[in-house]
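A.B. asks: Provided herewith is a single structure, encoded as structure tokens, for subsequent inquiry.
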Amino acid sequence: MRKTAFLCFLILLLAALTVTVLAADTLTVIDDMDLLTDEQEAALSASLQKEPETGVSFYLYTMSTANADDYPTDRAVRSYCGIPDAEAAVVLVVRKAHTTYYYDMYTYGDAWDMFSDADVDRILDSFGVYNSLKSGRIYEGADSFFTLCRQTVQDFRQKEADRIAREPLMIALTGIVVAILAAGIAVLVVVLRYRTKKHGESYPLDHYARLDLTYRDDRFVGSHVTRVRIQSSSGGGRSGGGGGGGGRRGGR
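Written out as structure tokens, the structure is:
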């Protein structure tokens, strides 16, 4: 019994040490330029450690560059911060060139889809971020930056949840619309075929009906012609001189 309890204690101790080592290896604030005080770095690190519930990790990295155009590459920033390949992360890089501060936003993994170009411009150009970082107040500017980033991620998650919730309804509505269209097309085809269909033969009355005659009567239709001869008159004909016109020819 004691051995079992001792083994359980060792397992728990090893697990705690493993978590501690992993937490120590995962730094969310890499202040190579010492632009933050120890208190500011600790407070900012504590606030960024609460981000796993959003599914996105946030990092702050400060560095110096010789010129304003010396932008670090995506690969270099990932390597500096120790970001795993499959991790969704947002990095605020603050660069100091001589006496001027510059800052850039880097997104990795799924965070690329969560932040549109309009979101990036809105965050970087906001008064709290721009005015603070350009003035050298790195803690205030970073705090405003990560606050806006968290709000953007939460809005994206909410939109995704609403879309997933509406998906069954959209599928049902699409099915209803498709069914109505299919039924309408089927009815139209039937109507057109009915209109073009030829009429069938007449009803065969002599085959399916019986006709019995009960009365018969012969009727004849004829005509009667009477001919009468007309006798000519006894007097002679009259001849006259001169050019008589043609007479009328009588007859029957």
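What the sequence shown shows, in my numbering, is residues 56 to 307, in sequence order.
Beta carbons: idealized from backbone N, C-alpha and C, even for Gly.
#1: Ordered along the chain, which non-local residues of its own chain (more than five positions away) have a Cβ less than 6 Å from that of Ser-187?
#2: Return no unless some Cβ of chain C is closer than 8 Å to the Cβ of Ala-216.
#3: Give me the Cβ distance between Met-118 and Asp-93, rounded to the nearest whole Å; I'm assuming they're in contact under 8 Å.
#4: In angstroms with no decimal places, state the Cα-to-Cα distance between Arg-150 and Ile-231.
#5: So, do the segment 141-150 and the segment 162-171 have three or more beta carbon pairs nearer to each other than 8 Å?
#6: Is Ala-144 helix, strand or coil when you go by DSSP?
#7: Strictly by DSSP, which residues pair up with Asp-86?
#8: Candidates Asn-122, Cys-136 and Asp-140: which alpha carbon is nearest Leu-82's?
#9: Could you tell me the boundaries of the alpha helix (DSSP H) in which Asp-168 lies?
#10: Just the C-alpha distance for Val-111 and Thr-154, rounded to the nearest angstrom, thanks.
#11: Helix, strand or coil: how does DSSP classify Ser-102 here?
#12: Using a threshold of 8 Å, state whether the C-beta atoms of Asp-174 and Thr-207 are closer than that.
#13: May I ask which residues mark the beginning and end of the alpha helix (DSSP H) holding Asp-129?
#14: Using C-beta distances below 8 Å, list every residue in its chain close to Asp-198, excluding the 5 sequence neighbours before and after it, in chain order.
#15: May I ask you to report which of helix, strand or coil DSSP gives Asp-159?
#16: In whole angstroms, give me the CA-to-CA distance for Asp-129 and Ala-237.
#17: Please return the same chain residues whose Cβ sits closer than 7 Å to the Cβ of Val-132, not counting the five positions on each side in sequence.
#18: Please work out which residues of its chain come closer than 6 Å, Cβ to Cβ, to Thr-120, disregarding the five sequence neighbours upstream and downstream, and give them in chain order.
#19: Given a cut-off of 8 Å, decide if Phe-170 and Phe-113 are closer than it, judged by their beta-carbon atoms.
#20: Indicate whether Gly-191 and Tyr-156 have their beta-carbon atoms separated by less than 8 Å.
#21: Glu-96: buried (16+ other C-beta within 10 angstroms of its C-beta) or exposed?
#22: Using the rule of at least 16 other Cβ atoms within 10 Å of the residue's Cβ for burial, across every protein chain shown, is Leu-243 buried or exposed?
C.D. replies: In brief:
#1: Here the set comprises Glu-195 and Gly-196.
#2: The structure shown has no chain C; it contains just one protein chain.
#3: Wrong, their Cβ atoms sit about 19 Å apart, outside the cutoff.
#4: Rounded to whole angstroms, Arg-150 to Ile-231 spans 57 Å at the Cα level.
#5: Output reads yes: the segment 162-171 touches the segment 141-150.
#6: Strand, per DSSP.
#7: Partner(s): Thr-117.
#8: Comparing Cα positions, the closest option is Cys-136.
#9: In the DSSP assignment, Asp-168 falls within the alpha helix (DSSP H) that extends over 166-169.
#10: Cα to Cα, the separation comes out at about 32 Å.
#11: Residue state, collapsed to three classes: helix.
#12: Yes, the Cβ-Cβ distance between Asp-174 and Thr-207 is below 8 Å.
#13: Taken as a continuous stretch (DSSP letters only), the alpha helix (DSSP H) holding Asp-129 covers 129-136.
#14: Only Leu-99 and Ser-102 meet the Cβ criterion.
#15: Note: Asp-159 maps to strand in three-state DSSP.
#16: About 52 Å.
#17: Only Tyr-116, Val-146, Val-148 and Tyr-161 meet the Cβ criterion.
#18: Excluding its 5 nearest sequence neighbours in each direction, Thr-120 has C-beta neighbours in its own chain below 6 Å: Arg-150 and Ala-152, listed in chain order.
#19: With respect to the 8 Å criterion, Phe-113 and Phe-170 are not classified as neighbours on the basis of their beta carbons.
#20: Cβ distance < 8 Å, so Gly-191 and Tyr-156 count as in contact.
#21: Buried is the call here.
#22: Here Leu-243 is exposed. Its C-beta has fewer than 16 other C-beta atoms within 10 Å.
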